[in-house]
Amino acid sequence: QAEAVADLISSDNEASHQIAIQQMRGGFSSEISKLREELLNFASLIELELDFAEEDVEFADRSQFKDLVERIRFVLKRLIDSFAVGNVIKNGIPVAIVGEPNVGKSTLLNALLNEERAIVSEIAGTTRDTIEDEISIGGIGFRFIDTAGIRETKDVVESIGIKRTFEKIEQAQVVIYLFDASDFKSSSSTFKVEIEKIKNKYPQKPLLIIANKIDKLSDEDKSKLDVTLSAVERSHFISLSAKHKIGVDTLQEKLLSFVNTGALRNNDTIVTNSRHYDSLLKAFEEIDKVQHGLESGLSGDLLAIDIRQALYHFGEITGEITNDDLLGNIFANFCIGK
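In the numbering used here, the protein residues as written are 998 to 1335.
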C-alpha cells in the first residue's frame, strides 16, 4: 500500500493514477494473499506428512494440489505478462520521431505538446541532440523523443546526434518515420531505403509512417502520393500538416491503438512495480518446480522446500516478509510531509 501511495503521488496520467488507486485499495495485494493462503494450507499438510514419514500417509490430496498449482501458475503468468503494459503506462510509452533533416520532426513535437518545446528552423540539422517531453493522450502517458535528422554528414556534433537517434529507436516502443510529402518525388528513393533499414533493424517495433506538409500538396499530388505509397500498409500510414495541426488528432488515435488498454477497461490487476515483478518471476519459478515435482512423484520433504520458497516470494510482495533495507528503499521516495 505504501508503494501504491508513492505511485499515486508520482502518477502524471489517468491510467497510472487508476492503477495506483486500485493497488492502494488492495486489489493486487488481496489477489496474492489469497493465493498465498491457499498454498500455505497445502504446505501445512505437506509439512504434517513429514512428521508421519514412517507411517507413509498423505494428508494433502495430490490431485487437488495439482489443480491449485496450475491455477497459481495461470494467475502468476497473467500478472507477469501485465508488467509489459504496466511498466510503460507508469513510465510513459516512449515514441521516437525520426526522419531526414528538416522534414518537420520538431514542428510535429511542438504540435503534439501544444507548445514551442523544440527549436524550429529552415536550416537542416538544427536538432543535433534528442529532445524529450511527455503528454497524456486518452489518459495514457506518451514520452515523445525528437531526434536528430538521419543523413550522411561530416559534422562531428551532428554525427553524435544521429548515433543517439538510433539508440533512442532501440529504447522506443513505437517509431514514427516522418517525411516531407512536398519533396517526396526527389526523396522517394532515400525514403524507401530508410524505411527498409528501420524495418530490418527493428522488426518487432510498430512503425508509423507519416507524410508531413500535405498542406503544400494539390489534390492531384495527394492522389499520386497515395498511389506511390500503396505498398505501405494503410493502417500504418498517416498524412498530416504539423505546422497547421491538420491530422494530429488522427495521429493521437493511432498511437492509442498501439497500446493494449484491455486490462485497464476490464479493471484487471496490472503490475507496475519492478520489485513486485521480480518477486513474481521468482515465485513462478518455484511453482514450476512444485508442478514438475508433483508430476514426477517427488517426495514430500523435497516438495516442501520449493513450496516454502514460493511462499517466501509471495510474502515479499504482500509485506509478510520484509527487511529494513526493503522498507528503507520504499519510504526513501517519500518526503517528510507526505
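Beta carbons: idealized from backbone N, C-alpha and C, even for Gly.
Inset, instruction - Grab me the residues of I1314's own chain with a C-beta within less than 6 Å of its C-beta, minus the 5 sequence neighbours each way, in chain order. - result: As a working note, residue 1314 is residue 317 in the sequence shown. Cβ within range, chain order: I1029, H1273 and S1276.
Inset, instruction - Specify, as a first and last residue, the run of the alpha helix (DSSP H) that E1282 falls within. - result: The residue given as residue 1282 occupies position 285 in the sequence shown. First-last of the alpha helix (DSSP H) with E1282: S1271 to E1292.
Inset, instruction - Can you say whether P1200 is buried or exposed, counting buried as having 16 or more other CB atoms within 10 angstroms of its CB? - result: Translated into positions along the sequence shown, residue 1200 becomes position 203. By the neighbour-count rule (16 or more Cβ atoms within 10 Å), P1200 is not buried but exposed.
Inset, instruction - May I ask you to verify whether the segment 1287-1307 touches the segment 1095-1113, counting CB pairs closer than 8 Å and requiring at least 3? - result: Counting Cβ pairs under 8 Å, fewer than three are found: no touch.
Legend entry - Cβ-based neighbour list, V1256, same chain, cut-off 6 Å, excluding 5 preceding and 5 following: The sequence position of residue 1256 within the sequence shown is 259, counting from 1. Excluding residues within five positions, the ones whose Cβ falls inside 6 Å are I1137.
Inset, instruction - Report buried or exposed for L1237, applying the criterion of at least 16 other Cβ atoms within 10 angstroms of its Cβ. - result: Within the sequence shown, residue 1237 is the residue found at index 240, counting from 1. With 16 or more other Cβ atoms within 10 Å, it is buried.
Legend entry - Counted within 10 angstroms of its Cβ, other Cβ atoms place F1071 as buried (16 or more) or exposed: Taking the sequence shown and counting its residues from 1, the one referred to as residue 1071 is at position 74. Exposed, because fewer than 16 other Cβ atoms sit within 10 Å of the Cβ of F1071.
Inset, instruction - Give the DSSP-derived three-state secondary structure of A1239 in the structure shown. - result: For the purposes of this step, residue 1239 is taken as the residue at position 242 of the sequence shown. DSSP, reduced to helix, strand and coil, places A1239 outside both helices and strands of the structure shown, so it counts as coil.
Legend entry - DSSP-derived helix/strand/coil call for A1178: Taking the sequence shown and counting its residues from 1, one reaches residue 1178 at position 181. DSSP places A1178 in helix when its eight states are reduced to three.
Legend entry - Between the CA atoms of I1302 and E1167 - distance to the nearest angstrom: Against the sequence shown, residue 1167 aligns to sequence position 170. Against the sequence shown, residue 1302 aligns to sequence position 305. Using only the alpha carbons, I get a separation of about 41 Å.
Legend entry - Three-state secondary structure assigned by DSSP to I1137: To locate residue 1137, count along the sequence shown from 1; it is residue 140. The answer is strand: DSSP assigns I1137 an E or B state.
Inset, instruction - Helix, strand or coil for A1093, going by three-state DSSP, please let me know. - result: Indexing the sequence shown from 1 puts residue 1093 at position 96. Reduced to three states, the DSSP call for A1093 is strand.
Inset, instruction - Could you say which of G1312, K1198 and S1179 lies nearest to I1207 if we only look at CA atoms? - result: Along the sequence shown, one-based indexing puts residue 1207 at 210. Looking at the Cα atoms, S1179 is the closest of the given residues.
Legend entry - Contacts around F1234, its chain only, beta-carbon distance under 7 Å, and the 5 residues preceding and following it disregarded: If you number the sequence shown from 1, residue 1234 lands on position 237. Answer for F1234: I1206 and L1226, listed in chain order.
Inset, instruction - Check whether the Cβ atoms of V1171 and I1267 sit closer than 8 Å, and answer yes or no. - result: Along the sequence shown, read from residue 1 onward, the residue named residue 1171 stands at position 174. Along the sequence shown, read from residue 1 onward, the residue named residue 1267 stands at position 270. The Cβ atoms of V1171 and I1267 lie no closer than 8 Å to each other.
Inset, instruction - Note down the Cα distance separating I1304 from A1040, rounded to an integer number of angstroms. - result: Mapped onto the sequence shown, residue 1304 falls at position 307. Mapped onto the sequence shown, residue 1040 falls at position 43. In this model, I1304 and A1040 are separated by some 7 Å (Cα to Cα).
Inset, instruction - Tell me where the alpha helix (DSSP H) around N1088 begins and ends. - result: Residue 1088 sits at position 91 when you count from the first residue of the sequence shown. First-last of the alpha helix (DSSP H) with N1088: R1059 to N1088.
Inset, instruction - Classify F1311 as helix, strand or coil using the three-state DSSP reduction. - result: Position 314 of the sequence shown, counting from 1, holds the residue named residue 1311. Note: F1311 maps to helix in three-state DSSP.
Legend entry - Beta carbon of I1134 nearer than 8 Å to that of K1165: In the sequence shown, residue 1134 corresponds to position 137, counting from 1. In the sequence shown, residue 1165 corresponds to position 168, counting from 1. At least 8 Å separates the beta-carbon of I1134 from that of K1165.
Legend entry - Straight-line Cα distance separating D1177 from N1111: As a first step, residue 1111 must be located in the sequence shown, where it is residue number 114. As a first step, residue 1177 must be located in the sequence shown, where it is residue number 180. When rounded, the distance between both Cα atoms is 21 Å.
Inset, instruction - Within 10 angstroms of the Cβ of N1197, are there 16 or more other Cβ atoms? Answer buried if so, exposed if not. - result: Within the sequence shown, the letter at position 200 stands for residue 1197. So N1197 counts as exposed.
Legend entry - Supposed close pair V1100, L1252 - CB separation, criterion 8 Å: Counting from 1 along the sequence shown, the entry for residue 1100 is found at position 103. Counting from 1 along the sequence shown, the entry for residue 1252 is found at position 255. That pair is no contact at about 19 Å.
Legend entry - F1039 (DSSP reduced to helix, strand or coil): Along the sequence shown, read from residue 1 onward, the residue named residue 1039 stands at position 42. Helix at F1039.
Legend entry - DSSP state of V1100 mapped onto helix, strand, coil: Residue numbering aside, residue 1100 sits at position 103 when the sequence shown is read from its first letter. DSSP places V1100 outside both helix and strand once states are collapsed to three, so it counts as coil.
Inset, instruction - Just grab the DSSP bridge partners of L1204 for me. - result: Locating residue 1204 in the sequence shown gives position 207, where the first residue counts as 1. In DSSP, L1204 forms a bridge with V1172.
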